[in-house]
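See below for the structure under consideration.
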Amino acid sequence: MINNKNKLEQILLKWIYQQRICNECETRIRFGDIECPHCGLDLEESIDEWIIPLANQISSLENSK
Ligand SMILES: [Zn+2]
Numbered sequence: 000m001i002n003n004k005n006k007l008e009q010i011l012l013k014w015i016y017q018q019r020i021c022n023e024c025e026t027r028i029r030f031g032d033i034e035c036p037h038c039g040l041d042l043e044e045s046i047d048e049w050i051i052p053l054a055n056q057i058s059s060l061e062n063s064k
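Under numbering that gives the first Met the number 0, residues 0 to 64 are what the sequence shown spells out, in order.
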């Protein structure tokens, strides 16, 4: 369990520092931004495709117990 917690922390840290790129203008988006600082594109529309791979990584961690 403690081992899994460390793995989870690694996944989340990697995720937070990973850069998102705006689909419209390729500006780099900071973690937590909900719209592009350059073109104002609403990023909430694509939040699912961003968050699903993270959810998959976490659930595969759960399954590997
Ligand atoms: Zn943009």
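Even glycine gets a Cβ: it sits at the ideal position worked out from N, Cα and C.
Original post:
Going by C-alpha distance, which of Asn5, Leu60 and Asp32 is nearest glutamine 18?
Top reply: As a first step, residue 18 is located in the sequence shown; it is residue number 19 there, counting from the start. Taking only the C-alpha atoms, the option nearest glutamine 18 is Asp32.
**OP:** Answer yes or no: do tryptophan 14 and leucine 53 have a C-beta to C-beta separation smaller than 8 Å?
**Re:** For the purposes of this step, residue 14 is taken as the residue at position 15 of the sequence shown. For the purposes of this step, residue 53 is taken as the residue at position 54 of the sequence shown. Taking 8 Å as the Cβ cut-off, tryptophan 14 and leucine 53 qualify as a contacting pair.
Original post:
How far does the alpha helix (DSSP H) with proline 36 in it reach, from first residue to last?
Top reply: If you number the sequence shown from 1, residue 36 lands on position 37. Membership of proline 36 in any alpha helix (DSSP H) is not indicated, and neither H nor E is assigned to it by DSSP.
Subject >> Residue from Asn5, Glu8 and Asn22 with nearest C-alpha to glycine 39 >> reply: One-based indexing of the sequence shown puts residue 39 at position 40. Closest by C-alpha distance to glycine 39, out of Asn5, Glu8 and Asn22, is Asn22.
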